[in-house]
Every structure is written in C-alpha cells, then in structure tokens.
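Notes for the one structure printed next.
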Ligand SMILES: Nc1ncnc2c1ncn2[C@@H]1O[C@H](COP(=O)(O)OP(=O)(O)OP(=O)(O)O)[C@@H](O)[C@H]1O
C-alpha cells in the first residue's frame with residue numbers, strides 16, 4: 001500500500017479534477033436519496049387517500065378526490081424522473097473528472113518511467129529483460145490507473161453514500177436498518193474472494209495468451225525453416241496443444257465469473273426478504289407505514305453496488321500497490337555514471353588509457369587488466385585480439401557506458417569523467433558490433449545523431465561509407481524504409497549504413513567496434529580505403545579480430561585475455577614475431593586456403 005503514497009504528487013497536481021469529482025459525487029448521491037423519500041411519501045399518501053376514497057365513495061364527492069390524487073401522483077412521478085435525469089448528469093460529470101484525471105496520471109506516469117529508463121546505464125538493461133521493462137511501463141501502469149480511476153471513483157462514492165444513507169436509515173428506524181443491512185458484509189467479502197479468483201485466473205490466461213502469440217510469431221517468422229524441414233504438421237500439433245491450454249484456462253475463468261452475478265443477486269434478494277419480513281411485522285404492529293418498507297428496499301438496492309464495489313476496489317488497490325512496488329523498484333534505480341564537471345570543451349582527440357582495469361559488476365568477469373596506451377589526435381589505432389579478449393569493453397569504457405574499476409581514461413588531457421556525458425558521446429562516432437537500424441527511412445537512420453538532417457550530409461556520409469550506390473539503386477532511394485514493413489538490407493549494407501550514421505555527425509573520434517566482420521576481406525578493404533579520407537584528421541579506433549583491418553592503422557595494440565600484450569605498427573609487430581605475427585600468418589594462410 002505504501003508504494004502508492006509516492007503517487008500522491010499526481011493527486012496534488014490534478015487536485016482540481018479530484019475536488020470537483022468529490023463534489024459531483026456528493027451532489028449525485030443527494031439525487032439518489034431524495035427519490036427514495038418521495039416514494040415513501042407517495043406510497044403513504046396512496047394508502048391514506050385510498051381509505052379516504054373509500055369513505056367518500058359511500059358519501060359522494062369521490063370524483064374530486066380521485067383527480068386530486070392523480071395530480072399528486074403525476075407531480076411525484078415527474079419529480080422522481082427529474083431527479084433521475086439530474087443524477088445521470090452528475091454521474092457523467094464524475095466520469096469526466098475522476099476518470100479523465102486517471103488517464104492524465106497514466107500519461108504522466110508513463111512519461112516519467114520512460115524518461116527514467118532512458119537515464120539508466122547499460123548495466124541496468126543487462127540485468128533486466130526487455131519484456132520486464134515493457135510490462136512495467138504498460139501493464140503495471142494500467143493497473144495503477146485502475147486505482148486512480150474506477151477504484152477512486154467508487155471509493156469516494158462509498159465514503160459519501162454510506163454515512164448519508166445509513167445515517168438517514170437509522171433516523172427512520174434502527175432495527176429495520178440493522179436487519180436489512182445484515183447480508184451486505186457477506187456480499188462484500190464474497191465479492192472480494194471471487195474477484196481475487198477471477199484476477200488470478202485472468203493472469204494465467206494472459207500468460208498462456210502470450211505463450212500462444214510467441215509460438216505463432218515464431219512459426220511465421222521461421223516459416224522458411226519450417227517448410228524446408230517439412231515440420232508443418234508437427235507445428236500444427238504444437239499449436240493445438242498450446243491453444244488447448246488457453247481454452248481450458250478460459251473455461252475455468254468462465255466458471256468463476258458465472259458465480260459472480262448469482263451471488264450478488266442472491267444476497268440482494270436476501271436483504272429484500274429480510275426488509276419486507278421485519279418491516280411487515282412493524283407495519284402490523286403499527287410502528288411504521290407501508291412507505292417505509294418501499295423506501296428501505298430502495299436504500300438496500302442503493303447500497304448494494306457500493307458494497308459490491310468495496311470488494312472489487314480492495315482487490316484493485318492491492319494489485320495497483322503490487323504494480324507500483326514493481327515500478328518504484330525501477331524508478332529508484334540510480335545512474336552512478338555522472339559527470340563531475342560537465343565540461344563541454346572542443347575535443348581534439350588525444351586519448352590515453354592509464355592503468356585501466358575493469359570488472360563487469362554483474363558477472364564479476366575481469367575484462368580489462370591494467371592497460372595503458374595512448375593515441376595522438378588524428379592518429380588511427382587498431383585494437384586486435386581474439387574473442388572475449390576485452391576489445392568491446394574498451395569501447396564501452398571510452399563511451400562511458402561503464403566506469404572503470406581502477407585507472408583512468410583521458411581525452412585531451414582531461415579525465416573523461418569531467419566531460420559532460422552527452423557532449424562526450426556526441427563527439428564519438430560509434431559503430432557498434434551488432435548493427436541496429438530503426439524501422440525508418442535510410443535518411444533518418446543515417447542522420448540519427450543529428451538534430452537537423454541536411455540531405456547533402458547524409459549523402460556524403462553514404463558515399464564515404466561506400467553504400468551510396470546501393471541506396472540510390474532502391475526505387476525510393478534515401479527514402480526507402482528499413483525494417484519489418486520495409487526493405488531488408490544485406491548484412492554488409494547494414495554495417496555500411498551504420499558506419500554512415502557514425503560519420504554523418506562529423507565526430508572528433510571515430511570508434512569502429514568490429515563492424516566489418518560481416519563483410520569479406522575484399523569489401524573490408526574497399527570500405528577501409530573509403531574511410532581513409534574520413535579518418536584523416538580525426539582520431540580513429542578500429543576494433544577487430546581480423547588483422548586485415550589493422551594494416552592501415554598507424555598503431556596496433558594486441559589484447560589477450562584483458563592484457564595488452566603487444567603494441568606498435570604493423571611492420572614493428574611483424575618483425576617482433578609475437579602474437580600479432582602469428583595471428584597474421586594464421587589468418588592470411590586461412591584466406592589463401594579458402595580461395
Ligand atoms: N555486459 C557484460 N556483462 C558481463 N560480462 C561481460 C559483458 N560483456 C562482456 N563480458 C565479458 O567480458 C569479457 C570481454 O568481452 P568483450 O566483449 O570485451 O570481448 P571482445 O574482445 O570484444 O570479444 P568479441 O571479439 O567476441 O566481441 C568476456 O569474457 C565477456 O564474457
């Protein structure tokens with residue numbers, strides 16, 4: 001429950017809606033109370049006038065009484081109708097305030113969570129699955145909205161209506177009030193229990209439905225493999241099995257749902273019978289008029305829905321509190337990667353790593369072990385090493401996706417921790433190992449790092465990344481959409497678009513993380529030669545496990561299991577006949593064999 005306190009700021013923000021909602025609830029309930037009293041007065045009047053009528057029927061003058069009686073009934077009928085209209089109008093206004101408020105809070109909360117997600121470091125995304133992140137911003141927020149919307153609306157109604165109706169009933173007749181309200185607590189508790197059963201089963205259905213859709217999605221996206229291996233029949237059988245599970249769960253939910261209305265009806269019926277019985281006895285004793293029975297039946301009916309909603313509201317609040325606890329867990333996550341001085345100096349590109357070590361916090365793997373080296377502005381450096389030697393980790397540290405465990409990185413003589421993080425990242429053109437392009441046009445993908453996207457910059461970047469010709473060969477050229485509903489680029493084309501995206505922002509430092517692995521060595525050479533012009537005048541770091549990418553670099557460092565084992569130019573390292581020379585021999589002779 002306490003998790004929901006955090007959201008009070010939103011209630012404060014939308015206090016206007018809330019206060020109006022409360023006011024409208026009070027007014028609408030007054031229009032519920034008055035008709036019941038009108039019914040009592042009308043019935044008592046009817047009973048009285050009927051006895052008068054019988055008296056006058058024998059003595060004459062009955063006609064006058066009859067017409068006065070009809071006029072009276074007509075006025076009462078009209079009044080009751082008018083009250084019903086007014087109540088309807090205020091019910092409309094309650095929804096226009098409280099439910100609208102809940103939608104506004106839902107919108108704000110989603111934005112708050114998304115904004116917070118964006119601020120969190122890469123390690124957060126490693127720890128939590130995408131499905132979990134999505135569930136908290138969608139399903140959990142929806143449950144919290146139910147608390148601000150229906151739960152609050154019925155809750156306020158309950159708080160207003162109960163004292164109003166029960167207080168009034170007690171002033172009319174205490175024993176009748178107690179007897180007629182007896183079944184209501186049972187109703188509330190039963191609804192709570194049934195509702196929890198419904199929620200539990202609905203959640204199971206939800207899980208089974210997501211299993212079903214994952215299965216269907218995978219079958220269709222893997223349809224080529226499915227057909228090629230002639231597994232259609234097998235796949236249909238599996239679908240039937242998953243589908244059957246869904247069906248069984250749905251039927252079990254229907255069973256519980258079927259209990260819901262008979263239960264309400266039964267308990268209301270019980271209240272009515274008790275009211276008629278106890279009230280009837282009192283009428284016989286002459287303690288009350290007939291009208292009171294009718295009035296009390298109306299009150300009991302009036303209280304039924306709020307009492308029913310009490311069980312429902314309690315379970316909504318419980319679910320909302322559980323959801324908010326999950327949301328708070330993420331909102332409380334802090335990003336420890338902060339800038340110390342927010343420097344936004346122009347960056348020239350001198351980089352030095354000073355006794356750098358790094359242990360991944362989640363896995364405890366020491367990926368970098370006491371590494372020191374430096375690059376002059378405008379120089380190019382190749383980082384070579386086998387799989388898992390720590391190359392990408394160095395890139396992550398330079399981008400401040402993680403902070404080193406010990407040792408420092410300096411850019412232009414200043415510790416990278418001093419730079420404003422956005423400024424630092426804007427100055428690095430990063431080409432990640434796993435290419436990721438958005439489902440958008442090629443122009444927007446290449447211009448992704450720019451606030452404004454000049455077409456000539458995009459085209460020049462495409463030329464420099466040697467993908468221009470491919471793009472203009474598409475019917476829609478640079479406006480070609482990529483992704484699910486668009487065109488699928490080949491692996492090599494994707495990598496080149498990704499390179500174009502990095503160079504389009506004209507960065508001081510270019511960081512290519514093994515991005516040429518999907519292309520053959522020939523294309524790799526073509527791209528690297530095209531990049532030569534781009535690399536001139538800016539510091540470039542080329543990470544690769546292939547020596548062919550390293551040849552062009554001014555300087556090469558070789559990593560092995562997190563250690564820097566060799567450093568120098570291609571010629572120097574070849575002459576050393578160490579790890580690099582061995583790797584070179586192995587890779588070039590491998591290529592010769594392939595040919
Ligand atoms: N996010 C992470 N959390 C925990 N451990 C990681 C993480 N990323 C990498 N590692 C580990 O750190 C070590 C170095 O990984 P890194 O990705 O830097 O290697 P790499 O040299 O780039 O390899 P490759 O050429 O295969 O990309 C590996 O042992 C890897 O398992």
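Numbering (UniProt numbering), first residue to last: 1 to 595. C-beta: ideal position from N, C-alpha, C; glycine also.
Each residue's CA atom was taken as its position, placing residue 186 and residue 156 some 21 Å apart.
Proximity of the beta carbon of residue 365 to ligand 1 is indicated: a heavy atom of the ligand is located closer than 6 Å.
For the pair residue 430 and residue 513, the Cα-to-Cα distance works out to about 8 Å. The Cβ neighbour count for residue 21, taken over all protein chains shown within 10 Å, is at least 16; the residue is labelled buried.
DSSP, read as helix, strand or coil, puts residue 482 in strand. Contact check for residue 353 against residue 365 fails: the beta carbons are separated by 7 Å or more. Bridge partners of residue 382 according to DSSP: 542 and 556.
Burial check for residue 275: the Cβ neighbour count within 10 Å reaches 16 or more, so the residue is buried. Relative to the Cα of residue 388, the nearest Cα in the group 111, 80 and 367 belongs to 367. In the structure shown, residue 289 falls within a coil segment according to DSSP collapsed to helix, strand and coil.
For residue 80 and residue 308, the gap between their C-alpha atoms comes out near 25 Å.
Within the same chain, no Cβ atom closer than 6 Å to the Cβ of residue 181 is found once the five residues on either side in sequence are excluded. Taking a contact as a CB-CB distance under 8 Å, the pair residue 201 and residue 129 does not count as one, their CB atoms being some 25 Å apart. Residues 160 of the same chain have their beta carbon placed closer than 7 Å to that of residue 26, with the five preceding and five following residues left out of the count. Between residue 197 and residue 362, the alpha-carbon positions lie close to 38 Å from each other.
Taking the CA atoms as reference points, residue 465 sits about 14 Å from residue 435. Contact annotation: the stretch 108-118 touches the stretch 131-145, with at least three C-beta pairs closer than 8 Å. A straight line joining the alpha-carbon of residue 581 with that of residue 573 spans about 6 Å. Here the alpha carbon of residue 311 sits roughly 37 Å from the alpha carbon of residue 240.
Using a 10 angstroms sphere on the CB of residue 315, the tally of other CB atoms reaches 16 or more, which defines it as buried. For residue 13, the uninterrupted alpha helix (DSSP H) run begins and ends at 8-13, by DSSP. Take the alpha-carbon of residue 439 and the one of residue 423: they are about 26 Å apart.
The three-state reading of DSSP puts residue 129 in coil, since its state is none of H, G, I, E or B. Non-local beta-carbon contacts of residue 378 in its own chain, meaning distances under 7 Å to residues more than five positions away in sequence, involve 349, 537, 538 and 539 in chain order.
Annotation for residue 413: 350 place their beta carbon closer than 8 Å to its own, counting only its chain and skipping 5 residues before and after. Here residue 563 has 369, 370 and 371 as same chain residues with Cβ atoms under 8 Å from its own Cβ, once five neighbours each way along the sequence are excluded. For residue 87, same chain residues with a beta-carbon under 7 Å away, outside a window of 5 residues either side, are 28, 31 and 32 in chain order. Between residue 359 and residue 393, the CB-CB gap reaches or exceeds 7 Å. Residue 233 places its beta carbon 7 Å or farther from that of residue 208. Annotation: residue 303 to residue 313 spans about 15 Å, alpha carbon to alpha carbon. For the 7 Å CB-CB criterion, residue 500 and residue 462 form a contact.
Under DSSP, no beta-bridge partner is assigned to residue 80.
Counting other Cβ atoms within 10 Å of its Cβ, residue 97 reaches 16 or more and is therefore classed as buried.
DSSP places residue 505 outside both helix and strand once states are collapsed to three, so it counts as coil. The beta carbon of residue 380 lies closer than 6 Å to those of 535, 540, 553 and 554 in the same chain, with the five residues before and after it left out.
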